[in-house]
Amino acid sequence: MLSRVANSIYWMSRYLERAENVARFIEVNVNLTLDLGEGPGEQWGPLVAITGDWDAFTKRYAQPTRDRVQRFLIFDLDNPNSIASCLRNARENARTTRESLPAEFWEELNKFYHIIRGTDPDSVSEQPHELLELIKNSRQLLLGIIDSSMSRGEAWHFAQMGQLLERADKTSRILDVKYFILLPSVSDIGSPLDLIQWSALLKSASAFQMYHRSRGRITPKQVVDFLVLDRHFPRSMRFCLNHAEASLSAITGVPVGSGQTPAEKQLSNLGSQFDFTYVDDIIEEGLHEFIDRFQTRLNLVDDAIFETFFAIRPLVGTAAAADHG
Amino acid sequence: MSAPASSRENVWDGARLFPPGASMSLDSYQGDGFYDEMFEADGTPRPRARLLAQRLESMPIGDLQRRQKAADRTLLNMGITFSVYGHSAGTEKVWPFDVIPRIVEAEDWRYIERGLRQRITALNLFIDDVYHDGKILRDGVVPRELVHNAACFLEPCAGLNPPNGVWCHIVGTDLVRNGDGRFYVLEDNLRCPSGVSYVIENREVMKRTFPQVFAGLRILPVEDYPERLLEMLQHVAPPTNGPPTVVVLTPGIYNSAYFEHSFLAQRMGVELVEGSDLVVHEGFVCMRTTSGLQRVDVIYRRIDDTFLDPRTFRPDSALGVPGLMDVYRAGRVALANAPGTGVADDKAVYAYVPQIVRYYLGEDIILENVPTHVCWDPKQCDHVIANIDQLVVKPTNESGGYGIMIGPKASAEERAQCVAAIRANPRNYIAQPMLALSRVPTIVEDHLEGRHVDLRPYILYGKELFVLPGGLTRVALRKGSLVVNSSQGGGSKDSWVLTE
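Taken in order, these protein sequences are the chains called A and B.
The numbering used here numbers the first residue of the first sequence as 1 and each following residue consecutively.
The numbering used here numbers the first residue of the second sequence as 326 and each following residue consecutively.
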């Protein structure tokens, strides 16, 4: 397929996954607020911190209040990682690749975009549930269309790869919330409050139920193990890496682990590292440090994919000079 | 027309009020002396529109508006938008669509189709002749000077031999029905006519939002156009080992017709490429793919001739592919349409189409021209200037409705400017009488009013000629306006060709 199209589909997929996950981040906090009661205990700063956009936020909004953080993460078009920005970017990428995507997909994405654009931020400030539900549902619908009506060709694999790498990154950030959300004191570790926080985390990764079925009671170590290393849960970081690698191998036609392109080498490298990591190692290193390192490695994978498939080409200017009305 | 008395009493004087539960009334619809596609002069529905009129009348008030709103929403969701030049990048608009269809009777359509076949066959022979021996010029049927100084006459195309001698593969002829009820050709559009995607999408939107109006009518389908287009494009391919690779070449996302480029690529299942996706490599045109370069055999190009290849034409073009014309000349890639077809699109050359048809085919023209004064001819030029307040003046090499001066509606200053422009460059202008374009009922707020329309059928010329039944009906939405172009307040309608 065309390199330009592959690039656009990869990014479209990443942006959609990102939009969904930002909605999930917000949900963790809303859940926590509900569980713990509103008031000074509400912590909205961590949410901004985990997206990596803390500086951009404080420059324009100063103190992180609920309303400001939600505005910044959902509607702010000057924040390139807000849900609105992600949808805009996903749509622009989809628009230049419409011929490669199922027609219903484009139509649903378009609806999704117009709904968010047409929503008044003031109307959701206190009640974001409905909008967050809608965002997740719209995203599920898009995934369903892709799953049921797109051939498993190159385009699909590029979309998969984008989605899975983005998801691995975002699951790591959901885990990182726990690092930033402060417990009142060290003695609260393992307290009901602590457990509530871990549960909220699982819920926001849609992992609550699957976790319980496979791990039983909630312990921090098991939650980390489940979200980082589980082989079967589709939002765990390892699952995402393994499946991204499978798609990459389908694209190059070379079995997993034996490819020689920069993309294959980097991804295989990162994936195999997970095979030799145990949850105790992670706890020992420090969860936050482990996540930080992982995110840096993931950026290298992304660079390598770009180098391997999309290459650098001169940009073309705008084009008003053709075609007759 | 039969309408419930209750609504008759409320017929309007400025704002119309309907009693609750009343049906739609067509009684107050005014013909205003124009040819109306739906109604006779006395207000009774034409035979072809009887069923539709009955249905509209039986609809509860407000229902039609609801359908219209549903259609608007569908268009937005389908992302059927065009970008507007002069606005910031990313400004999109839905092209207005009116749910009242325009109906073409079978008999009229047979006549139109015959006329189009004749006209395009002759124009294709003309283009081929002009770039070879120029017999028609030698015989003085069309003035050589007029052809050679046409802005779209391309010297580098002389001697080229596109496969099967077909130059204009895709044509979108603009037709109008004048006050006398006859169809005339307004423009031939042999370069990159756009709009066919709207023909297909309009029909889809109609079926989704207004299905009941289709019942009982036999309407010729338009959905097979992309299939026919692909067939034609594959037919003109140079010899290949396997099935030929077809692509659509677009100037990019900021082009006003980008939606259509992507739509056609999608429906044909081929790649949509930009100039920078293509490269000439070892004598062939190739596209850059994730697994290296892949040969391209046919390019349905939606960029202008002079942007195709910076080495042959405009050196500043960033849209084209350097070296493309060399590959084309060597017969290793096909271009649709062939470069150079624009020469037959020049509005001064247009004036000679009746002679062109007679010269090549020995026949009288079926679909007539609008009477046209060519300012290049000093006598005709004097006539135009003397009657400037009654004529419509058009630049010979523009499309999209740009640069048109409508004498009877223009101010004295605009007319004077136009005269000065004609004097400065007479070759660049033609003039035509003002036409009384036919009208079709169109939804205006809560009722129907007549609005002027044209009709652009689409014709494919590959192995044989194919005329898509119907075409694009463009409608001037502004009251009294005669300009149907999307860039100037035009919208569109579904066009129905009935079978007997």
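We put the CB at the ideal spot given by N, CA and C, even for glycine.
The model shown is predicted, which means the values in this text are computed figures rather than measured ones.
Short Cβ contact (8 angstroms threshold) for B:V604 with B:V658: No; because the gap between Cβ atoms is not below 8 angstroms, this pair is not in contact.
Rounded C-alpha distance that separates A:W11 from B:D702: C-alpha separation (whole angstroms): 58 angstroms.
Beta-carbon neighbours of A:M1, restricted to chain B and to distances below 9 angstroms: Neighbours of A:M1 on chain B, chain order: E596, T614, T615 and S616.
Residues from the stretch 430-454 of chain B in contact with chain D, defined by Cβ distance under 8 angstroms: As a matter of chain content, chain D is missing from the structure shown, whose protein chains are A and B.
Under 9 angstroms from the C-beta of B:N402: neighbouring residues of chain A: Neighbours of B:N402 in chain A, taken as residues at a C-beta separation under 9 angstroms, are given in chain order as E107, E108, N110, K111 and H114.
Counted within 10 angstroms of its Cβ, other Cβ atoms place B:Y727 as buried (16 or more) or exposed: With fewer than 16 other Cβ atoms within 10 Å, it is exposed.
Alpha-carbon spacing of B:A414 relative to B:S581, whole angstroms: Note on B:A414: pLDDT 44, under 50, position unreliable in the model; the coordinate value appears next. Approximately 11 angstroms between the Cα atoms of the pair.
Beta strand (DSSP E) runs contained entirely in the stretch 705-779 of chain B, provided each spans 3 or more residues: If you keep only unbroken beta strand (DSSP E) runs of at least 3 residues inside the stretch 705-779 of chain B, you get 716-720, 754-758 and 764-769.
Rounded Cβ spacing between B:V467 and B:Q680 (contact assumed at less than 8 angstroms): Going by Cβ atoms, the distance from B:V467 to B:Q680 rounds to 7 angstroms, so yes, they are a contact pair.
Chain B within 8 angstroms of A:I215, Cβ atoms only: Residue identity differs from the one stated: residue 215 of chain A is Arg in this sequence, not Ile. Judged by the 8 angstroms Cβ criterion, A:R215 is not in contact with chain B.
Closer than 8 angstroms to chain B by CB, A:T65: A:T65 has a beta carbon lying at 8 angstroms or more from every beta carbon in chain B.
Cα-Cα separation, B:C611 to A:M1: In a straight line, the C-alpha of B:C611 is about 12 angstroms away from that of A:M1.
Where A:E130 falls, given that 16 or more other Cβ within 10 Å makes a residue buried: Its Cβ having fewer than 16 others within 10 Å, A:E130 is exposed.
Members of the stretch 556-590 of chain B near chain A, C-beta cut-off 7 angstroms: Residues P576, G577, I578, Y579, N580, S581, A582, S587 and A590.
Environment of A:T58 [buried if 16+ CB atoms lie within 10 Å]: Flag for A:T58 reads exposed.
Touch test, the stretch 384-401 of chain B against the stretch 754-763 of chain B, Cβ-Cβ under 8 angstroms, three pairs minimum: Touching, no, given that fewer than three Cβ pairs across the two stretches are closer than 8 angstroms.
Partners in chain A for B:D602, counting only beta-carbon separations shorter than 7 angstroms: Chain-order list of chain A residues neighbouring B:D602: L2 and R4, by C-beta distance under 7 angstroms.
Buried versus exposed, by CB contacts within 10 Å (16 or more), A:E154: The residue in question, A:E154, is buried, as its Cβ has 16 or more Cβ neighbours within 10 Å.
Opposing strand residues paired with B:T575 [DSSP bridges]: Beta bridge pairing from DSSP links B:T575 with B:E599.
Inter-residue spacing [alpha-carbon to alpha-carbon] between A:W106 and A:A207: Straight through space, the alpha carbons of A:A207 and A:W106 are spaced by roughly 29 angstroms.
Neighbouring residues, chain B, relative to A:E284 (Cβ below 7 angstroms): For A:E284, there are no C-beta contacts with chain B under 7 angstroms, since the nearest C-beta of that chain is about 41 angstroms from it.
Through-space distance from A:G190 to A:A205, alpha-carbon basis: Per the coordinates, the alpha-carbon of A:A205 lies some 21 angstroms from the alpha-carbon of A:G190.
Touch test, the stretch 21-34 of chain A against the stretch 72-90 of chain A, Cβ-Cβ under 8 angstroms, three pairs minimum: Because the criterion of three Cβ pairs below 8 angstroms is met, the stretch 21-34 of chain A and the stretch 72-90 of chain A touch.
Short CB-CB distance (under 8 angstroms) between A:F309 and chain B: Taking a beta-carbon distance threshold of 8 angstroms, A:F309 counts as an interface residue toward chain B.
Delimiting residues of the alpha helix (DSSP H) encompassing B:W434: Segment A431 to V455, the alpha helix (DSSP H) holding B:W434.
For A:N21 and B:S616, the rounded distance between their alpha carbons: Each residue's alpha carbon lies about 32 angstroms from the other.
Backbone CA spacing between B:V769 and B:E382 [nearest angstrom]: Distance between the alpha carbons of B:V769 and B:E382 is about 16 angstroms.
Cutoff 6 angstroms; reference A:Y211; Cβ partners in own chain excluding five residues on either side: Cβ contact annotation for A:Y211 (same chain, cutoff 6 angstroms, sequence separation greater than five): L202 and F226, in chain order.
Below-8 angstroms beta-carbon distance, A:T96 vs any chain B residue: Contact of A:T96 with chain B is assigned, a C-beta pair being separated by under 8 angstroms.
Selected residue, minimal CA-CA separation from B:Q390, among B:L773, B:L793 and B:A590: Of the listed residues, the one whose Cα sits closest to B:Q390 is B:L773.
Helix, strand or coil at B:N694 [DSSP, three-state]: In the structure shown, B:N694 sits in a strand (DSSP, three-state: E or B).
Whole-angstrom C-beta distance between A:V224 and A:I181, which should lie under 8 angstroms: So it is not a contact: roughly 15 angstroms between Cβ atoms.
Cutoff 7 angstroms; reference A:D323; Cβ partners in own chain excluding five residues on either side: Low per-residue confidence applies at A:D323: pLDDT is 42, beneath 50, and the placement is therefore not dependable, though the value from the model is reported in the following sentence. So no residue of the chain qualifies.
Test: A:I251 CB closer than 8 angstroms to a CB of chain B: By this cut-off, A:I251 is an interface position.
B:V279 versus B:S642 - alpha carbon distance: In the structure displayed, chain B extends from 326 to 825; residue 279 of chain B sits before or after that span and is not available.
Identity of the residues DSSP links to B:C611 by a beta bridge: Note: B:C611 sits in a beta bridge opposite B:V604 and B:R620.
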